[in-house]
Amino acid sequence: MNGELCMKAALNLIKLVFVFFLFLPLVHAANPVVEFETNQGNFKIELYPEKAPKTVTNFYIM
19 MNGELCMKAA LNLIKLVFVF FLFLPLVHAA NPVVEFETNQ GNFKIELYPE
69 KAPKTVTNFY IM
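Each position in the sequence shown, counted from 1, maps to that position plus 18 in my numbering.
Shown next, in the form of structure tokens:
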């Protein structure tokens, strides 16, 4: 029983470290830029998470 608890705690710690390193570049990155490709040409837009957090989140979900 005690070994099982230690294993679960270790796995949770590994998951936490993985998520931390996964999102670390997003924290230190400049404003993200999204590029759209259309048949009329390509264009880029810069997203501002501090001004429009829901919009930026929607782009990440896509």
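Where a beta carbon is used, it is the ideal one built from N, C-alpha and C, also for glycine.
Rounded Cβ spacing between residue i and residue j (contact assumed at less than 8 Å)
i: THR73; j: LEU65; result: 7 Å
First through last residue of the alpha helix (DSSP H) which encompasses residue i
i: LYS72; result: 71-79
Through-space distance from residue j to residue i, alpha-carbon basis
i: VAL51; j: GLN58; result: 19 Å
i: MET80; j: PHE38; result: 21 Å
i: THR75; j: MET25; result: 34 Å
i: PHE77; j: LEU29; result: 30 Å
Proximity winner among the options, relative to residue i (alpha-carbon distances)
i: PRO71; options: ASN49, ALA27, PHE54 and VAL37; result: ASN49
(request) Only counting runs of 3 or more residues, tell me where the beta strand (DSSP E) segments fall wholly within the segment 33-67, in order along the chain. (result) Entirely contained in the segment 33-67, the beta strand (DSSP E) runs reaching 3 residues are, in chain order, 51-56 and 59-64.
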